[in-house]
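To keep things clear, I will list the structure first and then write my remarks on it.
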Amino acid sequence: EASPAGSGSSGRRRRVLMFPLPFQGHLTPMLQLAGALHARGGGGGLGVTVFHAAFNAPDPARHPAAGFRFVPVGEGVASGDLVPSGSDADFAGALLRINDRLREPFRDRLRQALAEEEARPACLVVDSNLRGMQLVAEELGVPTLVLRTGAAACLVAYMAFPALCDKGLLPPASQDKAQLDTPLDELPPLRLRDMVFSPTTTHANMTRCLRDLLDAARSSSGVILNTFQDLESSDLQKITNGLGVPMYTVGPLHKISSGIGSSLLAQDQTCLEWLDRQEADSVLYVSLGSLASMDEKELLETAWGLANSQRPFLWVIRHNMVKSSREVSLPDGFEEATRGRGMVVPWAPQQEVLAHHAIGGFWTHNGWNSTLESICEGVPMICWPQFADQMINMRYVQEVWKIGFELEGELERGKIERAIAKLLCTEEGRGMRQRAKDLRDKALHRSRAPPTQPRSIRRSKRPARHRAI
Ligand code: UDX
5 EASPAGSGSS GRRRRVLMFP LPFQGHLTPM LQLAGALHAR GGGGGLGVTV
55 FHAAFNAPDP ARHPAAGFRF VPVGEGVASG DLVPSGSDAD FAGALLRIND
105 RLREPFRDRL RQALAEEEAR PACLVVDSNL RGMQLVAEEL GVPTLVLRTG
155 AAACLVAYMA FPALCDKGLL PPASQDKAQL DTPLDELPPL RLRDMVFSPT
205 TTHANMTRCL RDLLDAARSS SGVILNTFQD LESSDLQKIT NGLGVPMYTV
255 GPLHKISSGI GSSLLAQDQT CLEWLDRQEA DSVLYVSLGS LASMDEKELL
305 ETAWGLANSQ RPFLWVIRHN MVKSSREVSL PDGFEEATRG RGMVVPWAPQ
355 QEVLAHHAIG GFWTHNGWNS TLESICEGVP MICWPQFADQ MINMRYVQEV
405 WKIGFELEGE LERGKIERAI AKLLCTEEGR GMRQRAKDLR DKALHRSRAP
455 PTQPRSIRRS KRPARHRAI
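When we follow UniProt numbering, the leftmost residue of the sequence shown carries the number 5, and every step to the right adds one.
Next up, the structure:
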């Protein structure tokens, strides 16, 4: 049911509390996890209370299952500077402000929920970026698990961040290309540039955010990761060794729970019918996820790159995808040049699109959900990372799994056309597709191994009741 904190009770089932970060790429995996926990035992599983920021709120009406509750937090809180807009926004600053402003309202909501519940909740599953909410839960005696929505590789890189600062490698001494391209010996295949969050994020904010993130992980009863062993076994081992708390790999989450209703924007389903009319492996799907953006010149080059490629494409142009532009206008002549082989939509049902037999490649910003969804459907990628973990994900796609390549430097139509041809029409591209399909098979047949135990865990640190989660 959808109800304010604690209003009404839905029976005596054990309840898990959750608090996602209010962005699409974080809400979706948290709600997928919620769905999986709720479905345990054929729908008679755990009750779920989702605390969520009042902005970017999930729609309770789309989660009608009994046992689900949604509790908005911080309705009166000013949220204008909490939603980063565009690729060059200060994400770390926004994360710090979110923790700051939602902490007090969450304390009230959690207190209220605890007072009204018959039984103590099993735990709070909190996004790894919400250390502030975890501290509130600790204060009120609620144990926490941390959901890390990114790759294991990214968490390993973030664990190494303090040591790279101590060595004087971070922040980079200059913006010189050679300096930024310096390979990091301790984190192959990453380079110094892959550790820079975004051009506008200060080193001080980045340092605070990552310290909070690691504190959240280390003081939790366990870290849940949306990845799978066959994909990231060596980084998962590093986390196990380095964090000192139990680790649970539950990915790919979207394959065990649909997270239905988690999309903040309406998905245009007509593109699936259009895909039905296209040949197998022929269409390039182009999408930059929920936050990344491009400027007007980049939009123009992309449009002509797609048009000149002569290949079918499905292009997601989100309402706020083009920087400093209220209305997105495609260039004159674009529609005629691509009629019959191109479709533009404001938001797509991405998981279904990637699973469609017509999709031959994905031009992506390499958000972790998009990367994982592409891997799980055996779709190779053209990578155009913008900020945060996206550069790290791109390096793994290109250098480790070899299922895609970066579109480097300035966007230019000729370069785009060549990249599309390489992915969709060459032997090299076919090799990438084959390796992606091999990974897809591993994702689908992944072993449901028991949770990995850290080597040095003190058993007393883990209350026995967590083992059931
Ligand atoms: C953000 C960060 O940008 C990313 O780096 C981090 O890994 C997670 O948080 P976002 O930019 O939204 O995420 O990218 P991504 O992680 O790929 O998530 C986007 C989600 O939106 C995916 O689950 C995708 O299926 C969905 N989506 C995207 C749609 O449903 N329709 C679309 O048209 C595009």
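Yeah, the Cβ is synthetic: ideal placement off N, Cα and C, and Gly gets one too.
- In the DSSP assignment, residue 363 falls within the beta strand (DSSP E) that extends over 363-368.
- If you keep only unbroken alpha helix (DSSP H) runs of at least 4 residues inside the stretch 153-218, you get 156-170 and 181-184.
- Check the Cα spacing between residue 384 and each of 195, 104, 25 and 287: the tightest is with 287.
- The closest heavy atom of the ligand UDX lies less than 7 Å from the beta carbon of residue 373.
- Of the heavy atoms belonging to the ligand UDX, at least one sits nearer than 7 Å to the Cβ of residue 320.
- Relative to the ligand UDX, even the nearest heavy atom lies 7 Å or more away from the CB of residue 442.
- When C-alpha distances from residue 411 are compared across 302, 356, 378 and 347, the shortest belongs to 302.
- One alpha carbon belongs to residue 106, the other to residue 59, and they sit about 11 Å apart.
- C-alpha of residue 315 to C-alpha of residue 345: approximately 7 Å in a straight line.
- Residue 198 and residue 366 have their C-alpha atoms some 21 Å from each other.
- In this structure, residue 21 places its C-beta atom within 8 Å of the C-beta atom of residue 125.
- DSSP places residue 325 in the coil class of the three-state scheme, outside both helix and strand.
- Given a length threshold of 4 residues, the stretch 238-262 has no whole run of the alpha helix (DSSP H) inside it.
- A buried status is given to residue 19, since no fewer than 16 other beta-carbon atoms sit within 10 Å of its beta-carbon.
- Within 7 Å of the C-beta of residue 63 there is not a single heavy atom belonging to the ligand UDX.
- In the three-state DSSP reduction, residue 56 falls in the strand class (E or B).
- In this structure, residue 267 has its beta carbon less than 7 Å from a heavy atom of the ligand UDX.
- Secondary structure of residue 420 (DSSP, three-state): helix.
- Counting the other Cβ atoms within 10 Å of the Cβ of residue 358 gives 16 or more, which makes it buried.
- Annotated three-state conformation of residue 131 is strand, per DSSP.
- Exclusion of residue 56 from the 7 Å shell around the ligand UDX follows from its C-beta lying no nearer than that to any non-hydrogen atom of the ligand.
- Listed in chain order, the alpha helix (DSSP H) runs fully inside the stretch 298-348 are 300-313 and 338-342, counting runs of at least 4 residues.
- With at least 16 other beta carbons inside 10 angstroms of its own, residue 309 counts as buried.
- Residue 383 carries a coil assignment under DSSP once its states are collapsed to helix, strand and coil.
- Straight through space, the alpha carbons of residue 350 and residue 136 are spaced by roughly 34 Å.
- Following the DSSP letters along the chain, one finds residue 110 inside the alpha helix (DSSP H) bounded by residues 95-120.
- The Cβ neighbour count for residue 24, taken over all protein chains shown within 10 Å, is at least 16; the residue is labelled buried.
- A straight-line Cα-Cα distance of about 29 Å links residue 248 and residue 206.
- Set against 7 Å, the gap from the CB of residue 29 to the closest heavy atom of the ligand UDX is smaller.
- Between the alpha carbons of residue 161 and residue 399 lies a gap of roughly 12 Å.
- At a threshold of 7 Å, residue 296 counts as near the ligand UDX, since its beta carbon sits closer than that to one of the ligand's heavy atoms.
- Looking at the DSSP output, residue 51 bridges to 19.
- If you draw a straight line from the Cα of residue 334 to the Cα of residue 307, it is about 7 Å long.
- The stretch 172-187 makes no contact with the stretch 265-279; the number of CB pairs closer than 8 Å stays below 3.
- Around the C-beta of residue 245, fewer than 16 other C-beta atoms lie within 10 Å, and the residue is accordingly described as exposed.
- For residue 404, the three-state secondary structure derived from DSSP is helix.
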